[in-house]
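Residue numbers (numbering that gives the first Met the number 0): 0 to 474. We treat Cβ as the ideally placed atom computed from N, Cα and C, and that holds for glycine. Structure, as structure tokens:
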Amino acid sequence: MMANHPVIGWESEGPVPEGHQFNTYLQARHGRLHLHDLDLASLFTQESPAGQVLPSPLEVVYLPLIRRQITTMNQMFADVIEEVGYDGRFYYTYASKANAAEEVIRTTLGAGAHHEMSSTVDVDIVQIMIRRGLLPPDRLIVCNGFKTAGSQYAANILQLRQLHQNLIPVIEDMGELSPLLTSGHPFAVGLRMKSYGHHASETEMRTANSRFGLSLDDIWKAADYIATAPNLKLVMYHNMVGSQITDPEAFVNWLKPGIEVYARLRQRHSSLHIFNFGGGMPAAMTLDFHFDYHDFGRRLLRALQETCRRYNVPTPDVMGEYGRYTTSEHGAHLFSVITAKENGSKLPWYIIDGSIMSSFPDSWALGEHFIVLPLNHLDKPFQQVQLGGITCDSDDVYPPKPSQSPLYLPVETDGLMLGFFSVGAYQEMLGGVRGSKHCVLPEAYELVVDRVDDAYQFQILHGQTPDDVLRNLGY
Ligand SMILES: Cc1ncc(COP(=O)(O)O)c(C=O)c1O
């Protein structure tokens, strides 16, 4: 039976049965939680497979899950392209804003993803990857975000063009065209439509209150301007409609007015050949998540076929910019329960050795849910509890305040450890890396895990020392 709330963990007072599979990568074995074959609690003991006893709290970055996401989506599109007889290819593009850490970008590129960026330092990251030979010439780099004339971002894009030909700046604002035009370099360009939100028609799109993209009138003007520019070529139409849309039919319906605009633009501008639906692909952040990606792909390609047939234009290549979908599941954050106190509350408080609100800002800011499971004592009785971070902040709690989701953890708290899972997208970028955090808590150690030829590889990144924190703050 479907729960009427997001399922964030084990929902029973009974122990977890041996071998229980919580989702595609978390399993109970001998009372301990395993991420694939990795016994997470063992990282904090002498038996640590990482070669040393690691301190709590600990961030875990599990790279094989990034590769799996990219491979699965590429395969899904290959299947539906064949199934519906689609004439066009699919570009999986990683939206780096979800997590710009070096090991993440290295992994997405290694798995064959194209690359999307949104600001000037992204260009520096890409240049590093090109110099290291990790971003080959055949990969597309899509430059989204505001890149106004005179900005560092605009200048950096012009420079990047000298290093990499497969570069597509996407015009977000009319003023962004002139630096490209006057550069004299040949540029393939995209146009971003003002399409964020649900619009039943082009008329509704016109009235949308969004700072992203060009109005319909400006799309036409910009396309004509590009057509007359000797060094510019229109290749992409960008039509992002939202974030985490969990119904495939609704998602494609939201895209339909934009597909209509694409086909009409294509009638007039024959160089146009990529339909980019941007981000928004939902990802598993709770245990009840279900989204039929196949159904989405099939519906999208059929809608493109149907519309392009009506306008008598070829079907486009399709691009998606996958941020959350790529990186959500590869990130976990492990904590120790340092004390349990009743305090006259309806549910006991379990206090962890870190901050929930600064580690997962979306939880307190947006009421977002993530998975929480114990790392040990899974074979013992559970009880419903509430979690508190170690800061003095009344919002540093989980489940988030408006939530209806119960949280069950083992009654036995001696040596109890737990993990937050599916926290790899946006949380670290929003919370900041190596800054000074709420209640001056030092940043945790990080363990980067990879698996090569069936053997685990570990890289340990040191956390902040008290001296690091003090220096940050000017002491
Ligand atoms: C232009 C653009 N592309 C892609 C993304 C990534 O979206 P998601 O994380 O939903 O995949 C975003 C997110 O804000 C975006 O603004």
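Cut-off 6 Å between Cβ atoms - residues of its own chain near residue i, not counting five sequence neighbours on either side
i	result
Gly490	Any answer about residue 490 is impossible in this case: the structure gives the chain only from 0 up to 474.
Leu429	Pro360
Asn155	Thr119 and Val122
Leu157	Ser182
Phe186	Leu179 and Leu231
Phe145	Glu171
Phe420	Ala331 and Ile370
Arg450	Pro63
Thr338	Ile350
Arg433	none
Pro398	Ser404 and Leu406
Range covered by the beta strand (DSSP E) that runs through residue i
i	result
Thr412	Unbroken run through Thr412: none, as it is neither H nor E.
Lys340	Gly330 to Lys340
His348	First, the residue type needs correcting, since residue 348 is Trp and not His in the sequence shown. Run containing Trp348: Trp348 to Ile351, per the beta strand (DSSP E) assignment.
Glu12	No beta strand (DSSP E) contains Glu12, which DSSP labels as neither H nor E.
Thr92	Phe89 to Ala94
Tyr24	That residue, Tyr24, is in no beta strand (DSSP E); it is neither H nor E in DSSP.
Val60	Leu57 to Tyr61
Ala454	Ala454 to Leu460
Residue i (DSSP reduced to helix, strand or coil)
i	result
Cys142	strand
Lys232	strand
Gly279	coil
Asp466	helix
Asp361	helix
Tyr444	strand
Thr81	The sequence as given places Glu at residue 81; Thr does not occur at that position. Glu81: helix per DSSP, three-state reduction.
Ile244	coil
Gly430	helix
Pro373	strand
Gly30	coil
Gln45	coil
Limits of the unbroken alpha helix (DSSP H) element including residue i
i	result
His293	Tyr292 to Tyr310
Val120	Thr119 to Arg130
Arg323	Arg323 to Thr326
Met116	From DSSP, Met116 is part of no alpha helix (DSSP H) but of the beta strand (DSSP E) over His113 to Met116.
Ile156	Gln151 to Leu162
Tyr224	Leu215 to Thr227
Gly109	Glu101 to Gly109
Residue i versus residue j - alpha carbon distance
i	j	result
His289	Ile244	12 Å
Val336	Phe369	18 Å
Glu58	Pro247	33 Å
Gln304	Asn275	15 Å
Arg210	Ser362	25 Å
Asp217	Arg265	16 Å
His376	Lys96	37 Å
His35	Leu215	48 Å
Asn165	Asn311	28 Å
Gly366	Val396	11 Å
Met284	Ser435	27 Å
Tyr24	Ile258	36 Å
Asp378	Gln456	29 Å
Gly196	Gly189	20 Å
Own chain, CB closer than 8 Å to residue i, minus 5 neighbours either side, in chain order
i	result
Thr70	Ala110
Ala40	Arg31, Leu32, Leu374, Asn375 and Met416
Contact set for residue i: own chain, Cβ-Cβ below 7 Å, skip 5 residues either direction
i	result
Tyr91	Ile69, Met72, Asn73, Ala112, His113, Gly319 and Tyr321
Met128	Ile104, Leu108 and Leu134
Pro56	His332, Leu333, Phe334, Asp352, Gly353 and Ala443
Lys475	No statement about residue 475 is possible, as the shown extent of the chain runs from 0 to 474 and does not include it.
Proximity test, Cβ basis, 8 Å: residue i and chain E
i	result
Val384	This model lacks chain E altogether, as it is built from one protein chain only.
Note down, one range per segment and in chain order, each alpha helix (DSSP H) of at least 4 residues found wholly within the stretch 164-206. 176-182 and 201-205
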